[in-house]
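A.B. asks: First to last, the sequence lines map onto chains A and B.
Count along the first sequence from 1, add 36, and you get the number used in my numbering.
Count along the second sequence from 1, add 86, and you get the number used in my numbering.
Even for Gly, the Cβ is constructed at its ideal location relative to N, Cα and C.
Next up is a structure, given as structure tokens.
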Amino acid sequence: MAQTIDRADGKLVLTHIIFALAALMIGGIAGMLQGMVRGGVIELPGGIGYYQLLTAHGVLMALVFTTFFIIGFMFSGLSKVTGGKLTATSRGLGWVGFWLMAVGTAIGTVMILANKATVLYTFYAPLKASPWFYIALALVVVGSWLSGAGMIAQYVSWRKNHKGKISPLFAFMAVATMGLWYIATLGVAITVLFQFIPWSFGWVEEINVMLSRTLFWYFGHPLVYFWLMPVYICWYVIVPKIIGGKIFSDALARLAFVLLLLFSTPVGFHHQLMEPGITPFWKFLQVILTFIVVVPSLITAFALFATFETTGRAKGYKGLFGWFKALPWKDVRFLAPFMGMVAFIPGGIGGMINASHQMNALVHNTIWVTGHFHLTVATAVAITFFGIAYWLIPAITGRRMTEAINRLGIIQVSLWALGILVMSGAMHISGLLGAPRRTSDTTYNGNEIAAQWDPYNVLMAIGGVILFISLIFMAVALIKMIRLPKGETEYPVAESLMPAEATPRWLERWGVWVGLAAVLIVVAYAIPIADLLANPAPGAKGFVLW
Amino acid sequence: MHIHRLEKIWIAFGLVMLAVFLTVLGIFAFSQGVQTPHSYAHQGVDPEKLSETPPFDQPGVYQIGENEYEAVIVTYAFGFNPGEITVPAGARIHFVVTSPDVVHGFEIAGTTVNLMSIPGEVNRVTYTFDKPGEYLILCNEYCGIGHQAMYTKLIVI
Chain A
37 MAQTIDRADG
47 KLVLTHIIFA
57 LAALMIGGIA
67 GMLQGMVRGG
77 VIELPGGIGY
87 YQLLTAHGVL
97 MALVFTTFFI
107 IGFMFSGLSK
117 VTGGKLTATS
127 RGLGWVGFWL
137 MAVGTAIGTV
147 MILANKATVL
157 YTFYAPLKAS
167 PWFYIALALV
177 VVGSWLSGAG
187 MIAQYVSWRK
197 NHKGKISPLF
207 AFMAVATMGL
217 WYIATLGVAI
227 TVLFQFIPWS
237 FGWVEEINVM
247 LSRTLFWYFG
257 HPLVYFWLMP
267 VYICWYVIVP
277 KIIGGKIFSD
287 ALARLAFVLL
297 LLFSTPVGFH
307 HQLMEPGITP
317 FWKFLQVILT
327 FIVVVPSLIT
337 AFALFATFET
347 TGRAKGYKGL
357 FGWFKALPWK
367 DVRFLAPFMG
377 MVAFIPGGIG
387 GMINASHQMN
397 ALVHNTIWVT
407 GHFHLTVATA
417 VAITFFGIAY
427 WLIPAITGRR
437 MTEAINRLGI
447 IQVSLWALGI
457 LVMSGAMHIS
467 GLLGAPRRTS
477 DTTYNGNEIA
487 AQWDPYNVLM
497 AIGGVILFIS
507 LIFMAVALIK
517 MIRLPKGETE
527 YPVAESLMPA
537 EATPRWLERW
547 GVWVGLAAVL
557 IVVAYAIPIA
567 DLLANPAPGA
577 KGFVLW
Chain B
87 MHIHRLEKIW
97 IAFGLVMLAV
107 FLTVLGIFAF
117 SQGVQTPHSY
127 AHQGVDPEKL
137 SETPPFDQPG
147 VYQIGENEYE
157 AVIVTYAFGF
167 NPGEITVPAG
177 ARIHFVVTSP
187 DVVHGFEIAG
197 TTVNLMSIPG
207 EVNRVTYTFD
217 KPGEYLILCN
227 EYCGIGHQAM
237 YTKLIVI
């Protein structure tokens, strides 16, 4: 019985995936409860607060589920495309990274449950959590750095043994993703290590609030690309194999990832458009850069539909849209990522609206924004990850993915899509009517305008329950996967349509790309941050207001 | 690098659309005055000394012209000072906002008044209230356990 990837590698990957899915389940319970509270269906029992749940939901979904799944998935692909076995160094770093992140997650969760960190996953100062919460975050980040080092070690080892050859596409993309992660986490690491931890321990009395926000959002925007790039890996490298096709353009796929590496970070101000302390000039400059980072997604959209069409036509389907029928709609390995792609269309458009000055004024901090990111991270990213899990778990555990699991998966992801449609749709409309995000159940003292938002809150509760039911189906599927028959499940990796020589080598000159990324960051951030440091506003003392 | 003809057209189309959006955005922001909220100079105030620092030592609505006002507002956990505001229809209000404690949002639902009130900083935005009615002012940034109870009214008569 052939093992898709080395057994020891499989263990590393599986541990990450299961940890991620467990975080998702707990975060999902929180999310459902939040929706039901706001929909007026339940009241929370004493001992747990709405904002505690919200903090847990954000941290578990946006930081834990995502990071662990991404690292597990990328280790699996790296192993597969570099010969089926990670080096001992790579795997060792992967394990140390996992344990640091897991310990950090545990400490953070305890702090949140103990109501010592009810600061939401953005932990804006001067709300002051327990220092152990910030230490927990630091552990997760440092752990991820070690995981990244493990992945880069594997890539470097492959390149040494294949001098002169272009790297496998999955490996290239994984390195680009972790490269972005290192660049991005620099900002949050600086603010957590040099501002939040000393301040929350009481070693310094005051914190520069604008600086902490700016450093956080320096990290917060590329964070979403850290989530998106592994999804693009699935769409570019894995989906074509599943549909019986090939990668449309290896070169442009690499270019898209280089552009993401360059333009994901110098754009954080579009999350801070409504703030003082940053001049209109710098806000607008970063909005221009934000619009440039749309380009790699446009490239990706074209590549995907081109892949679908060329594959369909190669199979003999004719007519303008006949190739559509060639797609394996009854295969959850395709259906789930495809649903993710569809969700990303309004998701991406919403993102551009959010980054546009005048429209931002209308939607900032309303629940429209929550609707936006439930389309992007909670659908495009999450549903693609679900689609991956259904074949990845059997593949690495030496079992055969059965039609029964496939059918369960189709039901699960379809329920997820329905839940999101209802919930996110309601969030978008309610947000346009002014409903704020991050707010517990209230009628604002019977206010008429607020009353308009009530029916949408009910819809959000319904959507949240549907999503939770979808998670139950996923839990059932996971349990069934333990008892699948032993056998082989394919780890689908597509070949390129064009020969390797068609991809220009300069795409792999990491020194150039990282250097350019640094230049762009300096251009976008150096002067505004220097201004915050040179003319600092009076610092703020900490507040524990929960 | 070979790029398919259709892809070249698609990317060109995309770049043109992005350029058009940015141009519209930029013109409205820089020449039509529909700009993001901001302080005119980087103006810091000590959040612990607001009661001694003008204009925040006397929050309130002050007439500065014909149907033109400056509204000096302190957002705090969990309310607004001044509380209810009443102005005549057509009033052009310059909001000047800060916080003595944590970050708050200052949103007037149904309008484009939506800004972050950050301790240590002063934020400003201007809006003309043509339509009479009762507007809901609320905090839209999590600020603690009373966040959902942080609201007041702006009445335009």
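Around the C-beta of A:H52, are 16 or more other C-beta atoms found within 10 angstroms, so that it is buried, or is it exposed?
C.D. replies: buried
A.B. asks: Quick one, are the C-beta atoms of A:P204 and A:A530 less than 7 Å apart?
C.D. replies: The answer is no: Cβ separation not under 7 Å.
A.B. asks: What did DSSP end up calling A:F232 once you bin it into helix, strand or coil?
C.D. replies: helix
A.B. asks: Where B:V106 and A:L296 are concerned, what is the direct C-alpha to C-alpha distance, given to the nearest angstrom?
C.D. replies: 22 Å
A.B. asks: What residue does the beta strand (DSSP E) around B:S203 start on, and which one ends it?
C.D. replies: N200 to S203
A.B. asks: What is the DSSP secondary structure of A:N481, reduced to helix, strand or coil?
C.D. replies: coil
A.B. asks: Along the chain, where does the beta strand (DSSP E) that runs through A:A210 open and close?
C.D. replies: A:A210 -> not in any beta strand (DSSP E); alpha helix (DSSP H) instead, spanning L205 to T227.
A.B. asks: Should A:W582 be labelled buried (16 or more other beta-carbon atoms within 10 Å of its own) or exposed?
C.D. replies: Sixteen is the threshold: when 16 or more other Cβ atoms of the shown chains lie within 10 Å of the Cβ of A:W582, as they do, the residue is buried.
A.B. asks: For B:N167, write down the residues that DSSP places opposite it in a beta bridge.
C.D. replies: B:V160
A.B. asks: Candidates A:M463, A:L182, A:H198 and A:M110: which alpha carbon is nearest A:T221's?
C.D. replies: A:L182
A.B. asks: Can you pull the chain B neighbours of A:M246, defined as C-beta to C-beta under 8 Å?
C.D. replies: Those within 8 Å of A:M246 in chain B are I204, G206 and E207.
A.B. asks: How would you label A:F237, buried or exposed, when you count the other beta carbons within 10 angstroms and need 16 or more for buried?
C.D. replies: Of the residues assessed, A:F237 falls on the exposed side of the cut-off, its CB having fewer than 16 other CB atoms within 10 angstroms.
A.B. asks: Less than 6 Å between C-beta atoms, sequence neighbours within five positions excluded: which residues of the same chain meet that for A:G186?
C.D. replies: Excluding residues within five positions, the ones whose Cβ falls inside 6 Å are S126, L129 and G130.
A.B. asks: Helix, strand or coil, according to DSSP, for B:H180 in the structure here?
C.D. replies: It is a strand residue.
A.B. asks: A:I148 to A:R473, Cα distance in whole Å?
C.D. replies: As the crow flies, the alpha-carbon of A:I148 is around 20 Å from that of A:R473.
A.B. asks: Nearest-angstrom Cα distance between A:V139 and A:F169?
C.D. replies: 12 Å
A.B. asks: Leaving out the 5 sequence neighbours to the left and right, which residues in its chain are closer than 7 Å to A:T588 when beta-carbon positions are compared?
C.D. replies: No information on residue 588 of chain A is available, as it lies outside the stretch 37 to 582 that chain A covers here.
A.B. asks: Going by DSSP, name the residue or residues bridged to A:P472.
C.D. replies: A:T402
A.B. asks: Grab the span of the alpha helix (DSSP H) containing B:L240 for me, first residue to last.
C.D. replies: The continuous stretches of alpha helix (DSSP H) do not include B:L240, which lies in the beta strand (DSSP E) extending over residues Y237 to V242.
A.B. asks: Using the Cβ count rule (16 or more neighbours within 10 Å means buried), how would you classify A:V548?
C.D. replies: exposed
A.B. asks: Would you report the Cα separation of B:M103 and A:V331, rounded to the nearest angstrom?
C.D. replies: 11 Å
A.B. asks: What are the start and end residues of the beta strand (DSSP E) that includes B:Q149?
C.D. replies: G146 to G151
A.B. asks: Mind checking who B:S185 pairs with in its DSSP beta bridge?
C.D. replies: For B:S185, which the question treats as bridged, DSSP gives no partner whatsoever.
A.B. asks: Quick check on A:N197: does DSSP put it in helix, strand or coil?
C.D. replies: helix
A.B. asks: By Cβ distance, which residues of its chain are closer than 7 Å to B:M202, with the 5 residues on each side in sequence left out?
C.D. replies: Same-chain partners within the cutoff: V189, G191, N209 and E227.
A.B. asks: What does A:F338 touch in chain D if you count any residue whose Cβ is under 7 Å from its own?
C.D. replies: As a matter of chain content, chain D is missing from the structure shown, whose protein chains are A and B.
A.B. asks: What are the partner residues of B:E227, as DSSP defines its beta bridges?
C.D. replies: DSSP lists no partner for B:E227.
A.B. asks: One question on the structure: do A:L469 and A:Q488 come within less than 7 Å of each other, judged by their Cβ atoms?
C.D. replies: yes
A.B. asks: With DSSP run on the structure shown, which of helix, strand or coil describes A:G304?
C.D. replies: Here A:G304 carries a helix assignment [DSSP, helix/strand/coil].
A.B. asks: Could you work out which residues of chain B lie near A:Q584, taking near to mean beta carbons separated by less than 8 Å?
C.D. replies: Here chain A covers residues 37 to 582 and nothing more, so residue 584 of chain A does not appear.
A.B. asks: Cβ of A:G71 within 7 Å of Cβ of A:M496?
C.D. replies: yes
A.B. asks: Whose C-alpha, out of A:W452, A:M510, A:V555 and A:I429, is nearest the C-alpha of A:K47?
C.D. replies: It is A:I429 whose Cα lies nearest to the Cα of A:K47.
A.B. asks: Hey, out of A:V95, A:F111 and A:A287, whose CA is closest to A:I432's CA?
C.D. replies: A:F111
A.B. asks: With a threshold of 7 Å on Cβ separation, who are the neighbours of A:L136 within its own chain once the five nearest residues in sequence on each side are excluded?
C.D. replies: L175, V178, G179 and L182
A.B. asks: Per DSSP, what are the beta-bridge partners of A:L533 in this structure?
C.D. replies: In the DSSP output, where bridge partners are listed per residue, A:L533 has none listed.
A.B. asks: Taking all protein chains shown into account, decide if A:K366 is buried (16 or more other Cβ within 10 angstroms of its Cβ) or exposed.
C.D. replies: exposed
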